[in-house]
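See structure below.
There are 2 protein chains.
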Amino acid sequence: MSSRRATISDVAREAGVSASTASVVFSGKVAVSDTTRAKVMRAADALGYTGPDPRAASLRTGRAGVVAVLFRERLGVAFRDPVTTAMMDGLTDALGPIGAGILLLTDEGPAESGPTLTTAPLDAAILLGCNEILQSSVDVLRRRGIPVVVIEGDAGSDVPRVLLDNVDAQRAAAEHVRSLGHDDVALVTLSTDATRARGFIDDSAPITVEVTRDRLRGAREVFPDAPAYAVSESSIDEGLAAGRVLLAGDRPTAIMAQSDLLAAGVIRAAEEAGLRVPEDLSVTGFDGITVDGLAPYALTTLEQDSLAKGRAAGEAVVAMLDGRDPASVTLTCTFRRGNTTGPLTV
Amino acid sequence: MSSRRATISDVAREAGVSASTASVVFSGKVAVSDTTRAKVMRAADALGYTGPDPRAASLRTGRAGVVAVLFRERLGVAFRDPVTTAMMDGLTDALGPIGAGILLLTDEGPAESGPTLTTAPLDAAILLGCNEILQSSVDVLRRRGIPVVVIEGDAGSDVPRVLLDNVDAQRAAAEHVRSLGHDDVALVTLSTDATRARGFIDDSAPITVEVTRDRLRGAREVFPDAPAYAVSESSIDEGLAAGRVLLAGDRPTAIMAQSDLLAAGVIRAAEEAGLRVPEDLSVTGFDGITVDGLAPYALTTLEQDSLAKGRAAGEAVVAMLDGRDPASVTLTCTFRRGNTTGPLTV
DNA sequence: TTGTAGGCGTTATCAT
DNA sequence: ATGATAACGCCTACAA
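Sequence order for the protein chains is D and C.
Counting from 1, one number per residue, gives the positions in the first sequence under our numbering.
Counting from 1, one number per residue, gives the positions in the second sequence under our numbering.
Given below as structure tokens:
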């Protein structure tokens with residue numbers, strides 16, 4: 001046992017061939033005679049050599065086999081949302097062909113996890129729901145020549161994006177609600193900026209999170225004066241809290257939430273307040289996920305294909321890594337009427 | 001604009017200093033005069049240099065800033081289980097101090113994602129629910145000198161492990177069930193091996209998944225003859241399917257599931273069959289998670305601290321990276337009686 | 001089919 | 001406080 005780990009030249013020497021030949025045996029890029037291969041393999045075995053060091057290989061080839069996904073929230077929170085997990089599946093599928101691993105990075109780490117985006121070896125990065133903080137990351141990555149794809153966010157015109165038709169979709173839902181006779185509508189939105197502060201949206205403050213802004217705009221095109229309450233994350237609990245606030249005083253006859261989880265929370269708040277859905281309160285969601293345990297309610301919602309979203313992002317990354325220049329993609333949501341919206345009953 | 005990306009030597013030359021000095025400016029490891037630092041920074045700016053290339057740095061330092069987590073299932077499936085997400089949070093916390101990213105790898109990728117475990121630059125690996133396939137991965141990693149920690153699995157005595165007292169915990173639950181008078185008990189287990197085949201467990205075939213084996217053993221110590229039906233993953237749907245099978249013929253008076261999600265599915269199956277829980281059927285789970293929408297049921301279950309599990313694994317990794325030699329950790333589950341188990345009513 | 005040569009971009013060591 | 005030098009381990013033209 002030498003103290004040093006064996007390298008490919010050690011193996012080559014032991015096998016009585018040159019280092020490049022040994023390298024070729026492992027990469028399989030060039031034909032090698034069977035006897036040579038056998039010799040090299042035997043030598044490798046004898047030395048306990050398990051293959052090229054990924055670090056050295058990646059320096060040489062310029063490829064690390066890693067694609068990073070940057071989240072804006074704690075991983076636990078992000079993955080609690082089926083939209084995220086489905087997206088990860090789509091991403092995994094699309095990345096399969098290039099055999100890349102997925103590196104999870106977070107925006108707001110506990111201590112000082114900051115540097116990892118610029119510090120970790122990666123071939124490409126996917127940014128989720130880009131906000132002002134991420135913008136700077138994009139700049140760094142782009143200057144470094146690392147392909148970047150943004151999902152539901154804006155990072156300059158020449159960064160490929162995967163988007164939803166949030167404005168249109170939310171407007172369609174709003175029109176549905178109005179067609180039922182509702183006029184007194186309140187909105188529950190996702191977080192508006194990096195602070196994730198809860199509370200009624202002050203229309204003078206800018207909304208830096210694009211999803212939030214777009215869905216809000218869609219709803220406001222139909223209900224310009226609807227009050228909007230922002231929460232800090234997409235979860236049933238946050239929806240419950242928001243619902244309590246909105247149902248406390250002069251209560252609206254309909255509440256439109258920006259995610260299904262939030263909508264589920266709102267429904268709970270309604271039940272808590274002794275209201276029936278949809279007779280006393282109509283509720284809409286967004287995403288089209290199956291919220292466990294919400295039965296017998298079937299949310300009126302906008303269905304999005306999050307698997308396709310992840311896949312599109314993955315495919316864009318693969319294309320960029322391949323030197324191509326993928327176009328941005330806009331996926332379309334489908335309006336689905338459930339049993340949580342109904343006609344206004346005075 | 002040169003076609004080549006600027007390197008640290010370019011910056012050094014532009015700044016009129018040596019490459020090593022420039023390097024030190026970026027790493028901050030050694031004192032540098034303010035004027036030198038300023039010069040270097042200005043040069044970097046001018047050349048669009050955004051910092052050392054992680055690939056080269058990792059080759060030189062031997063650190064990639066990446067810890068891999070190897071899953072046995074599709075990511076979407078894994079993350080659908082709150083136990084996993086909580087664990088990831090704990091892991092993130094523990095890894096915070098060393099600022100490492102988390103690389104997600106899967107066992108059974110869609111196409112041929114195989115090589116990434118040996119191909120990706122990583123400093124350490126965490127293996128989840130090790131099975132026979134993983135065993136070989138462990139060997140490779142260990143020979144390569146990459147620290148490995150195994151969560152709920154067995155990979156040889158000198159690999160640090162994070163474990164639960166599965167046998168004891170499950171036995172305790174079984175004793176509770178027996179104390180209620182039940183004698184005719186069926187079990188729903190997690191997958192027994194890499195094939196993940198559904199069906200009744202044939203006691204002659206070995207169970208390679210340790211969690212499954214241990215929880216089964218605990219239950220069998222109390223109910224030696226209880227039939228056990230294995231499912232392919234921990235989900236409500238799989239529990240539902242298993243429940244249907246077990247409740248079809250001569251039905252048991254109690255069903256013990258190896259996870260809360262499975263137990264929730266069993267309860268659904270019971271409702272479907274017109275049975276009341278716990279009057280007609282007692283059900284136990286494992287994990288102690290909150291299953292959304294299971295109210296008003298509160299599962300009788302074994303509570304585990306999955307956050308602590310992830311944290312323990314992360315801490316072990318940090319210790320190993322630090323040259324220390326962490327001991328294995330066994331976490332204890334707490335029995336929690338809910339309202340899904342009741343006395344036998346003939 | 002195999003070998004030679006050179007460099008990928010960085011940082012640690014040691015000397016100045 | 002700064003600089004010269006030498007690896008880190010591998011891969012890919014190109015030559016033989």
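Cβ coordinates follow ideal geometry from the N, Cα and C atoms, glycine included.
Taking a Cβ-Cβ threshold of 7 Å, the residues of chain C close to Arg74 (chain D) are Asp89, in chain order.
Residues are counted here when their Cβ sits less than 7 Å from a Cβ of chain D; for the region 35-64 of chain C these are Gly48, Thr50, Gly51, Pro54, Arg55, Ala56, Ser58, Leu59 and Ala64, given in chain order. Residue range Thr301 to Glu303 is occupied by the beta strand (DSSP E) that includes Glu303 (chain C).
Inclusion of Ala257 (chain D) and Val188 (chain D) in the CB contact set at 7 Å is warranted, their separation being smaller than that value. Residues of the same chain with a CB within less than 8 Å of the CB of Val24 (chain D), apart from the 5 flanking positions on each side, are Val30 and Val32 in chain order. Under the 7 Å criterion on CB atoms, Thr301 (chain D) is classed as non-interfacial with respect to chain C.
In the three-state reduction of the DSSP assignment, Val167 (chain D) falls in the helix class. If you check the CB distance, Val162 (chain C) and Ile146 (chain C) do not come in under 7 Å. Against chain C, the CB of Phe79 (chain D) has a partner CB under 7 Å away; the residue lies at that interface.
With a cutoff of 7 Å on beta-carbon distance, Ala172 (chain C) and Val222 (chain C) are scored as not near each other. Shown here, Phe79 (chain D) sits in a helix according to DSSP, grouped into three states. Counting along the chain, the unbroken beta strand (DSSP E) around Thr284 (chain C) starts and ends at Ser282 to Thr284.
In the structure shown, the three-state DSSP call for Val329 (chain D) is strand. Contact annotation, Gly62 (chain D) with Gly101 (chain D): C-beta distance approximately 17 Å; criterion of less than 8 Å not satisfied. In terms of beta-carbon proximity, Ala120 (chain C) lines the interface with chain D, with at least one pair separated by less than 7 Å.
For Thr212 (chain D), DSSP assigns no beta-bridge partner whatsoever. Assignment of alpha helix (DSSP H) within the region 230-311 of chain C, counting only whole runs of 4 or more residues, yields 236-248 and 260-272 in chain order. It is roughly 15 Å from the alpha-carbon of Gly199 (chain D) to the alpha-carbon of Arg213 (chain D). Taking Ala169 (chain C) as the centre and dropping the five residues before and after it, the same chain places the C-beta of Leu302 and Cys333 closer than 6 Å to its C-beta, in chain order. Taking the beta carbon of Val140 (chain C) as reference, the chain D residues within 7 Å of it are Thr50, listed in sequence order. Residue contact with chain C for Val66 (chain D): present (Cβ-Cβ distance below 7 Å to some residue of chain C).
In summary, Gly129 (chain D) is buried, with 16 or more beta-carbon neighbours lying within 10 Å of its beta-carbon over all protein chains present. Pairing Arg268 (chain D) with Leu240 (chain D) gives a Cβ-Cβ distance under 7 Å. Listed along chain C, the residues sitting closer than 9 Å to Ala86 (chain D) by beta-carbon distance are Gly76. Residue contact check for Thr340 (chain C) against chain D: no CB pair falls below 7 Å. Taken through DSSP and simplified to helix, strand or coil, Phe26 (chain C) comes out as helix.
Arg161 (chain C) has C:Val150 as its beta-bridge partners, per DSSP. Taking the C-beta atoms as reference points, Ile289 (chain C) is found no nearer than 7 Å to Ala264 (chain C). Closer than 7 Å to the CB of Ile146 (chain C) there is not a single CB belonging to chain D. Under the DSSP definition of a beta bridge, Gly101 (chain D) partners with D:Val66. For chain D, the residues of the region 4-20 of chain C that bring a beta carbon within less than 9 Å of one of its beta carbons are Arg5, in chain order. For Arg336 (chain D), the uninterrupted beta strand (DSSP E) run begins and ends at Thr334 to Arg336, by DSSP.
In terms of Cα proximity to Gly96 (chain C), the closest of C:Leu190, C:Glu73, C:Ala22 and C:Val67 is C:Val67.
Between Ala12 (chain C) and Arg55 (chain D), the alpha-carbon positions lie close to 24 Å from each other. In this structure, Thr340 (chain D) places its C-beta atom within 7 Å of the C-beta atom of Pro278 (chain D).
Contact note: Arg143 (chain C) reaches chain D through Gly48 and Thr50, using a C-beta cutoff of 8 Å and chain order.
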